[in-house]
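In our numbering, the protein residues as written are 1008 to 1619.
To start, the structure itself, in structure tokens.
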Ligand code: ADP
Ligand code: MG
């Protein structure tokens, strides 16, 4: 038999290698933006069509390339950023592997136009399947204009793996936001399908943070800044009141490179301990600067993880820096009353420090210079009356968070006999553990799970709403929702579908929305929370390609709005719930397949007690 090993043709090898670097339009966005940053640009424009599937274009006013470099840039391992292995440990640029342009040219149709200031004419290069298909001198501005069309046109299997436009766009905005946050001294703009999405003037770190997080943050950021010989940390944390249920506004940059670190996130969360509710996430944008020799960014081309020489020190440092910032802010004269009261409700503030805590605090070098009254634990108390007001305010919010459970009058006598279950209207129902409902049926009983049952009821209701739009109640006091840039795009995508079920949401500035109306059965006062939760759930789903956007939304909403386990129900409420459930098309399971009830028939019960 003939030999079976053969060398892959270059274009296939290149496509395989490209998969490491370019997984989706957003990966190309990141690479091209970083190249523009590395080229020293002060203005960078990102133009996207069709969530990057049709076009990703980046225009910069950086230093440009010579005619020869313009072609060489596409060769694998072509880079101007390192030349010896030692350079790896002193990296100050974003790129250094020389793989991005080669990868992009392997999986998309690319046109590059570039000119250096010293050249009269620029160069245009067209690439397809890793080959130069055309090159010519061209008149163009100084800088680089690179466009990548039809990503994965030659790898249909990969193209099919791309997700919905809203999901891909979300990734693109994430990458755009991260680069923009890291380089506020650069002007960034972003156009999608011909529409201006963002326009961020060059400015300070704080100004950029506010561009990204939204205007409401202008008075809600606490500045973090600690400097040592070993490392510097700077940036912002949101005041406790800005903590959200969604995990969207958390950014770490190490030497201006965005990184993901559950470990460091924990350090920040720890510093907020006791200041925000457990299930909420603090928002933060933190920049850590260390000597490049102290970190290893050479882990993987697209990995956002990072290895520190000593990550325990970094953890302690981040935590202390955030604590310090929060402590200082709590006595700042600009402190508004609402926040002061807010913090005072918390146990950690009311409780004096334990001896151990005092010693630990005192021995931390960061704290060495502070007086005790600079700490959050020592906020001067306000009058008792004021505190009472705030207390009632706080107990009302959790109550409003419980979805309302509308009691409708149901049919008289027996419920629907679906699945052969007969429950008498006057039957006494028993709620167990505020979670289960026991209903006598026939000679046995049925055990319902209240939350899962309600989820099914709502799910079918929302499904029907697609055909018959739902009633809206106009908000008396329209609520303004300030979102992060990426959440705003997501909500914009969802708003028509939300309208069908009764949410009236209108754009209001760059990343804000006004909630004008809510479904008739959502309790007013809870709309902001409901939307935040919805966004969070929707994001978890967005990886699922098999569901339509509507279907995802229906599922998310049903889950979110369902009465929760732990809520005590009256007899009428329990009867209504069961009757509504048994009237469903598919009462036995939730949309995601969990059982809603279990039947214990007379025969089954008898069989349990027969003698063996
Ligand atoms: P890397 O960024 O890792 O060096 P890339 O494949 O991204 O690798 O780019 C290859 C080279 O092309 C870069 O090292 C740089 O010299 C040049 N280059 C890429 N994009 C630009 C740009 N926007 N402006 C100027 N030069 C660029
Ligand atoms: Mg690069």
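Quick reminder that beta carbons are idealized off the backbone N, C-alpha and C, glycines included.
- With at least 16 other beta carbons inside 10 angstroms of its own, residue 1177 counts as buried.
- Taking the Cβ atoms as the reference, residue 1278 lies roughly 4 Å from residue 1329, within the contact range of under 8 Å.
- Burial state of residue 1520 is buried, judged by a 10 Å Cβ sphere holding 16 or more other Cβ atoms.
- The beta carbon of residue 1274 sits closer than 6 Å to those of 1322, 1325 and 1326, all from its chain and outside the five residues before and after it, given in chain order.
- Counting only unbroken stretches of 3 or more residues, the beta strand (DSSP E) elements lying wholly within the segment 1425-1462 are 1437-1439, 1443-1448 and 1451-1456, in sequence order.
- For residue 1134, the Cβ stays outside the 7 Å cut-off from all heavy atoms of the ligand ADP.
- Around the CB of residue 1227, 16 or more other CB atoms lie within 10 Å, so the residue is classed as buried.
- DSSP, reduced to helix, strand and coil, places residue 1249 within a helical segment of the structure shown.
- The set of residues with CB atoms less than 6 Å from any heavy atom of the ligand MG reads, in chain order, 1038, 1041, 1042, 1102 and 1107.
- In this structure, the ligand ADP has no non-hydrogen atom nearer than 7 Å to the beta-carbon of residue 1137.
- Counting the other CB atoms within 10 Å of its CB gives residue 1031 a total of 16 or more, which places it among the buried residues.
- Per the coordinates, the alpha-carbon of residue 1234 lies some 16 Å from the alpha-carbon of residue 1299.
- Between the ligand ADP and the CB of residue 1494, the shortest heavy atom gap is not smaller than 7 Å.
- In this structure, 1115 is the residue among 1146, 1088, 1115 and 1153 with its C-alpha nearest to the C-alpha of residue 1136.
- Its chain contains 1509, 1526 and 1527 as the residues whose beta carbon lies nearer than 8 Å to that of residue 1478, once the 5 sequence neighbours on both sides are disregarded; these appear in chain order.
- For residue 1232, DSSP records a beta bridge to 1241.
- When the Cα atoms are used, residue 1141 and residue 1082 turn out to be separated by approximately 15 Å.
- Annotated three-state conformation of residue 1076 is helix, per DSSP.
- For the set 1200, 1199, 1216 and 1292, the Cα lying nearest the Cα of residue 1207 is the one of 1216.
- It is roughly 55 Å from the alpha-carbon of residue 1518 to the alpha-carbon of residue 1012.
- Secondary structure within the segment 1487-1532: the alpha helix (DSSP H) runs of 4 or more consecutive residues, fully enclosed, are 1492-1507 (chain order).
- Not one heavy atom of the ligand ADP lies closer than 7 Å to the C-beta of residue 1572.
- In the three-state DSSP reduction, residue 1206 falls in the strand class (E or B).
- Around the C-beta of residue 1168, fewer than 16 other C-beta atoms lie within 10 Å, and the residue is accordingly described as exposed.
- When distances are taken from the beta-carbon of residue 1080 to the heavy atoms of the ligand ADP, the shortest one is below 7 Å.
- Taken in chain order, the whole beta strand (DSSP E) runs of length 3 or more contained in the segment 1098-1151 are 1116-1122, 1129-1135 and 1138-1145.
- Linking residue 1595 to residue 1582 through their CA atoms gives a straight-line distance of about 17 Å.
- Taking a cut-off of 8 Å on C-beta distances, the segment 1605-1613 touches the segment 1439-1452, as three or more cross pairs fall below it.
- Per DSSP, the beta-bridge partners of residue 1155 are 1063 and 1117.
- Taking all protein chains in view, the Cβ of residue 1579 is surrounded by fewer than 16 other Cβ atoms within 10 Å, so the residue is classified as exposed.
- By the neighbour-count criterion, in which 16 or more other beta carbons inside 10 Å mark a residue as buried, residue 1131 falls on the buried side.
- The shortest CA-to-CA distance from residue 1302 to any of 1540, 1210, 1559 and 1099 is the one to 1099.
- Residue 1219 has no beta-bridge partner at all, per DSSP.
- When DSSP reads this structure, residue 1056 sits in a beta bridge with 1062.
- From the listed residues 1148, 1444 and 1019, the smallest Cα separation to residue 1458 is found for 1444.
- Straight through space, the alpha carbons of residue 1447 and residue 1436 are spaced by roughly 7 Å.
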